[in-house]
Amino acid sequence: PPPSGPGGDRTPLPAQRPGQGTTFPRAPRCRRRELHFPGHPEPPLGDFLAGRLARPSVLAGRRAILRRGRMPPAVGGGLAGWDETHFGKMGSYYINHTFFFDVHPPLGKMLIGLAGYLSGYDGTFLFQKPGDKYEHHSYLGMRGFCAFLGALLIPFAYLTVLELSQSLPAALLTAALLTFDTGCLTLSQYILLDPILMFFIMAAMLSMVKYNSCANRPFSAPWWIWLSLTGVNLAGALGVKFVGLFIILQVGWNTLSDLWHLFGDLNLSMVTVGKHLTARVLCLIVLPLALYTATYAVHFMVLNKSGPGDGFFSSAFQARLSGNNLHNASIPERECLLSFTKVEGQKGFLGCCTSSRRRRLPADLAYGSVITVKSARMAVTTYLHKDYNNLWIIKKHNTNSDPLDPSLPVEFVRHGDVIRLEHKETSRNLHSHYHEAPLTRKHYQVTGYGINGTGDSNDFWRIEVVNRKFGNRIKVLRSRIRLIHLVTGCVLGSSGKVLPKWGWEQLEVTCTPYLKETLNSIWNVEDHINPKLPNISLDVLQPSFPEIMLEAHMVMIRGNSGLKPKDNEFTSKPWHWPINYQGLRFSGINDTDFRVYLLGNPVVWWLNLLSIALYLLSGSIFAVAVQRGARLPAEVEGLSQVLLQGGGQLLWGWMIHYFPFFLMGRILYFHHYFPAMLFSSMLTGLLWDTLLRLCAWSLASFSLAGHVHVLGILSLLLGIAYSFYLFHPLAYGMVGPLAQDPRSGWNPGTFEATARTPACVQELPGDSQLWSQSLDPPSCGGRCLRSLRSSATCQDHALGAYPEFKPLERAMALL
Amino acid sequence: GILPGPLFYKMLGFLQRPVVVTADINLNVVALTAVGLLSRLWQLSYPRAVVFDEVYYGQYISFYMKRIFFLDGSGPPFGHMLLALGGYLGGFDGNFLWNRIGAEYSTNVPVWSLRLLPALAGALSVPMAYQIVWELGFSHCAAVGAALLILIENSLITQSRLMLLESVLIFFNLLAVLSYLKFSNSQKHRPFSPSWWFWLMLTGVACSCAVGTKYVGVFTYLLVLGVAAAHAWHLIGDQTLSNVHVLCHLLARAVALLVIPVLVYLLFFYVHLLLLCRSGPHDQIMSSAFQASLEGGLARITRGQPLEVAYGSQVTLKNVFGQPVPCWLHSHQSTYPMIYENGRGSSHQQQVTCYPFKDVNNWWIVKDPGRHQLVVNNPPRPVRHGDIVQLVHGMTTRLLNTHDVAAPLSPHSQEVSCYIDYNVSMPAQNLWRLDIVNRESDTDVWKTILSEVRFVHVNTSAILKLSGAPLPDWGFRQLEVVGEKLSRGYHGSTVWNVEEHRYGRSQEQKERELELRSPAQMDASRNLSFMARFSELQWRMLTVRSDDSEHKYSSTPLDWVTLDTSIAYWLHPRTSVSGASVRQSCPAPESSVIRRRRVCDLPEDCWLRWALAGALCAGGWAVNYVPFFLMEKTLFLYHYLPALAFQILLLPVVLEHVSGRLCRSQLQRSFFGALVVAWFASACHVSNTLRPLTYGDRSLSPSELKALRWKDSWDILIRKY
């Protein structure tokens, strides 16, 4: 079966000619649901035990144990969970050198691929849907790699807080919070980008804090090391996901204020200030940029075979992939034969099949050349597949003589020429007039007109080159052209709307009277036949590396902003996250399934939330007191410094990793909160330690005062550990009745921990929504009809509210 | 006798001294005001035709004049009300069809008075610019320069001479800044004096007016708040003040800058709702309760309905969410097709849809499952929260049903139908539990209009929901209604309310059909509280979608700075009016900030003055400009004008600073002065050259017009002969 990935669902669509089948075939995806987790009984005993043993009861040596604690990566058994289907698959693509497209930068997936490669994974597992069994495939390397990075978060957080507060209990508390958080644990157990992203974010934060503390010894070896490590980690964070931009903002802000202080320090000479500036530019701008670019260079070097991602890129880009499937005999001949023009608009990117079979094309357009604007009967539409109907002949507007007559000299088409485009199949001219377009009422209609190439003055178009860097001639692939209607002055463009049935669900083409330069109105000549012209090799057309980079980013940004939630769809909102309103289902549906559910440990998360409020309160009290010039005792002074400066950095980190999501229009998921959660956990550790010390200080007259701090920290640690004992089945998996089931003593009203995707929708959450959204909802109804009598339908699979085990109630009582 | 002695004595002070009026007139201000008025009011009613966005605001003025309710998502009501005030003063009756740009005004439209208020606001901006720069502590020369620049800026003139809101917004922005400056200057000398209070309060009110004119005013409000917060922070650090004193200062600021703006903003809406008391074309978007509070429209229909829904009641059920269109639960004779186009199948039972028009098929009868009759008992038995009911479709007497079959367009939800017994071992599942969502705020009795209810299916616990997808032809393009299997939290699309309601009286089906067709008439009207109406209106205004995203003259924020764009406002048979801003200043306050940091050669007061000027002017420019990069709506050049006003203020400030601080010798200084004068003269000249475009008063030949088109991207319409 074809892979169900990004382009996987698209490329195999046969190029249909209008009039032959109309709708795209819909894969009966629902069937998969029956295959899900076919009664997976129990987690492998060994794994489960290891997971349980991982709960450290001794503080000493915790990190060592923990690292192993996260290591048993197969808690989910040999089943692919959640977005593993994506990132695992992309890892396989690297191993197979297959080109693909993803909305995230490549580093994370490259690392996954590398881990798989090193651990002997051969890239043959299909990763079709969550719940597939890995069977004999070696997946442990990839999971282990992610789990290892996820485990490293804890020592990093420990060191960061230790550096900021100079207090061991605060660091221990932070480490405990992260260790015992079920959410972090769950997220690091699978082949996902998030552990890698969080690793780089935390590493960048740690090295920034370290290098801040080296500030009194500038240009020493540790200073250089930490500074350049910051740069490296920034590049890593951005290279995994664009969310890495937030940590860059944070480091940038820190660096700017640092430089500002140096600049104001009149003891330093201008030369020293210049050296400081240069060092930072080198390590924090040049080095990360170089590394980031290098990841792309490796990405494009490794992925040199044509694959599911081709269709997202421009034709010039595709020309550089070794398109081996073009020579594949199984592809219908008409599909890839000749098509030249294609929209560079949003929709036009999709679906155009790979580069042409003709490896050599004439470079310059001349009259009489055959090119394309795709047509379906009379309504000119941009058709997403290559087809004979896409062929157009360029003719001069005023003569009707055959330009291919060998007696005539070759006449090249130039910028500003007035031309006529004759449809090769029907011999009608591309035509526009003052009639409103079928869907976009403000635009003019575009049709085919005339018989055997004779039409009227409404058939004349002026051809203009947008980026005239190749002179006046019009080049295949490289020239971006606009077609301006001579009479009405409008521009030929694609509105991006899908025509109804009568238009074979193709995209509408209109003539827009608004002359603004948008991608929708720009065309390029993708294929070109002219027997009178010499052919050039397509290799000449290969874009340079900066162009590739630019294009890849444009495509990714467009893909990201294309991830919009549908109307009426229930989506995760940023305010849901810190209160643990709703989690994410990783695997398992029915009560017999082995279920893993991504949900933060409520005790930890609500403690974090409380701590932020407490921090704001205590921080502002201290700030006002300092501003009012109150004299604080030396000890309190030190604590307030820790609280205001160290805590301030962490709070700022939390805010910058959390609030931008409120402005984002794209579809959001619960796991987007985890980087922010790291910062808030560190803040919690620092805050409680400081507050308890303050308490101990203010009670200094009592005999037991010294123990207040120790007792407080210990009880917090124990409480958190106990909460983990209550909630660990969320992460390590559970089997049992669902919440709705009266057998479980769960009250579904408390946590709306329902699963995100309704039954029957393709089980690919995460950013995979791109694919499941762009396709029509899978058709369950067919089955529903067939099973109408027995009434055993898809609806039976409706999901229960989820982690529905009694422990939570106990936790409530505990709280 | 209640007043304390000393204060009372003080109040009587005027008896002891003669009453003296000292007139202290700044002739600069007077002159600037006069010139400003002249430039803005000259030939104000000249293009006696609808110019550009007047077509948009004009219809709202007409609505105000006729007191018809409307909903406009573009901005809060204060700006519209100001424009309408002009119409009211001019005696406009609202009878004009605002449908086309360029249409000639009929004689009943008082063009002059309609355009008067924006023009006045534009004219008064000129002296205010002077005052602001003066209050910032710069010289009179710089202040006059700033005012003159505002005066001759073509785009500001054009914009304020028409029935548009930008000049009003700029006026209130500048007023807020000016009054805050006055306030902070009097802070040093006489805190808590009457003028101190006056300027503080005025700051709050002006901010509120700016926000009330257009939402973008909120950026200036935030800027003023930020500056006030920074000043307050310094105040906290001032150790010469006692704690109580500091607290009083902070409280006064909080009241004036936080509480008062909110109250004034609410006041706008109060007046707005007071004025618009009649129902109109935008009623449909609002909830039933809101509609019922307007005169006419739904209120007329629902007047006299029984309040409590009882068993046997005949009701229409409206979806509360109302997206994509407001609609009512509907059913009709047609059944779901046996096989859909994509090969899936259905139950082939009677369709249930949501229909956006009033129709006799929208009537449903609430039935007690335990009884057979469809009439209301005497006394009526009201339906309560948690009761199990059946819903009978009035015209077909079929029962609302849902079952385990995928819905036509949303396959993961259940199909909702009116049950037909085909005898295929598919039992009727037509019991619904009534869930009154807002029972806390109201009672747990199901009430007409007021109660928002959900219908929870008893067998499958699915919830009746409007999916919003339009059905294909077999469903007559009506909207799909489904049973949502697992509803997660509250969503408007699962909530319904009773709109029309009457007690059923007829036993027989024929009789009942007749009854259903007759209009509902009974009695008593209900009103919503102001806060409920305000919050609903505000919410709808923020969420209403403007449909078209493309316009001929739309532009991007980057075009504005580089002067790449203009808007053709109006085309006379021979002339055209168009807006284009003339010059740009490139402020560089950063340089001096750096100097301060490094060299410390600026005296402290000069630095503070400079920092404040930078924060207000450059900050004003930034907050009014940068957010547009993030906005997804259609943008026009005129969105830049508030930022431009601040930028113009900044220019003379920078120039004075350069001449005063950076030019060391006298020679340098006079050379710089000459440069500035020469530049200013050229600016005046440019402004004068472009005057025909601004006023549209002189007919120009095409070649002259082409000469004025300095950039190819300027849209200047030239009539072809």
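From first to last, the protein sequence lines are chains U and Y.
Under the UniProt record's numbering, residues 1 to 815 are what the first sequence spells out, in order.
Under the UniProt record's numbering, residues 1 to 721 are what the second sequence spells out, in order.
We treat Cβ as the ideally placed atom computed from N, Cα and C, and that holds for glycine.
None of the values given here were measured: they were computed from a predicted structure.
- Apart from sequence neighbours up to five positions away, the residues of its chain that approach Leu178/Y with a beta-carbon distance below 6 Å are Met128, Gln131, Ile132, ordered along the chain.
- The shortest CA-to-CA distance from Leu227/U to any of Thr160/U, Leu234/U, Tyr211/U is the one to Tyr211/U.
- The C-alpha of His393/Y lies about 23 Å from the C-alpha of Ser425/Y.
- From the listed residues Leu694/U, Ala676/U, Glu411/U, Trp605/U, the smallest Cα separation to Ser618/U is found for Leu694/U.
- The region 335-342 of chain Y makes no contact with the region 313-325 of chain Y, as fewer than three CB pairs between them are under 8 Å.
- Spatial neighbours of Ser184/Y in its own chain (CB-CB distance under 7 Å, excluding positions within 5 residues in sequence) are listed in chain order as His231.
- Within a 10 Å sphere around the beta-carbon of Glu166/Y sit 16 or more other beta-carbons, which makes this residue buried.
- Listed along chain U is no residue with a C-beta nearer than 9 Å to that of Ile365/Y; the closest approach is about 28 Å.
- Gln239/Y has a beta carbon lying within less than 8 Å of a beta carbon in chain U.
- Residues of chain Y with a Cβ closer than 8 Å to the Cβ of Gln627/U are, in chain order, Trp233, Ile236, Gly237.
- Among the CB atoms of chain Y, one or more fall inside 8 Å of the CB of Val624/U.
- Sixteen is the threshold: since fewer than 16 other Cβ atoms of the shown chains lie within 10 Å of the Cβ of Glu436/U, the residue is exposed.
- Contact check between the region 268-280 of chain Y and the region 185-203 of chain Y: fewer than three CB pairs, one atom from each, fall below 8 Å, which does not count as touching.
- For Gly619/Y, same chain residues with a beta-carbon under 7 Å away, outside a window of 5 residues either side, are Leu223 in chain order.
- Residue range 166-189 is occupied by the alpha helix (DSSP H) that includes Glu166/Y.
- Annotation for Phe290/Y: Leu528, Arg533, Glu536 place their beta carbon closer than 7 Å to its own, counting only its chain and skipping 5 residues before and after.
- Ranked by how close their Cα comes to the Cα of Lys633/Y, the residues Val315/Y, Ser62/Y, Ser555/Y, Lys706/Y have Ser555/Y in first place.
- Leaving aside the five residues that flank Gly370/Y on each side, none in its chain has a CB nearer than 7 Å to its CB.
- With fewer than 16 other Cβ atoms inside 10 Å of its own Cβ, Phe530/Y counts as exposed.
- As computed with DSSP, Val498/Y is found in a beta bridge with Leu317/Y.
- Across the structure, His412/Y and Ala406/Y are spaced so that their CA atoms are roughly 6 Å apart.
- Under the DSSP definition of a beta bridge, Pro155/U lacks any partner.
- Contact between Met202/U and Ala170/U is ruled out by a C-beta separation of about 16 Å, above the 8 Å threshold.
- As the crow flies, the alpha-carbon of Val51/Y is around 15 Å from that of Ser155/Y.
- Exclusion of the five residues before and after Val445/Y leaves Glu308, Pro382, Arg384 as the residues of its chain whose Cβ lies within less than 7 Å of its Cβ.
- Counting along the chain, Phe99/U sits inside no alpha helix (DSSP H), nor does DSSP assign it H or E at all.
- DSSP, read as helix, strand or coil, puts Glu422/U in strand.
- The C-beta of Met81/Y has 16 or more other C-beta atoms within 10 Å across all chains shown, which makes the residue buried.
- Asp93/Y carries a coil assignment under DSSP once its states are collapsed to helix, strand and coil.
- Gly102/Y sits away from Phe172/Y, with the two beta carbons spaced by 8 Å or more.
- Following the DSSP letters along the chain, one finds Asn362/Y in no beta strand (DSSP E), marked with neither H nor E.
- The C-alpha of Leu464/Y is placed about 8 Å away from the C-alpha of Val495/Y.
- If you ignore the 5 residues before and after Asn430/Y, its C-beta comes within less than 7 Å of the C-beta of Gln390, Leu399, Leu400, Asn401, Tyr419, all in its own chain and listed in chain order.
- Annotation for Ile419/U: Ile394, Lys395, Lys396, His397, Val413, Trp461, Ile463 place their beta carbon closer than 7 Å to its own, counting only its chain and skipping 5 residues before and after.
- Cβ contact annotation for Ser165/U (same chain, cutoff 6 Å, sequence separation greater than five): Val642, Gly646, Leu686, in chain order.
- Using a 10 angstroms sphere on the CB of Met664/U, the tally of other CB atoms stays under 16, which defines it as exposed.
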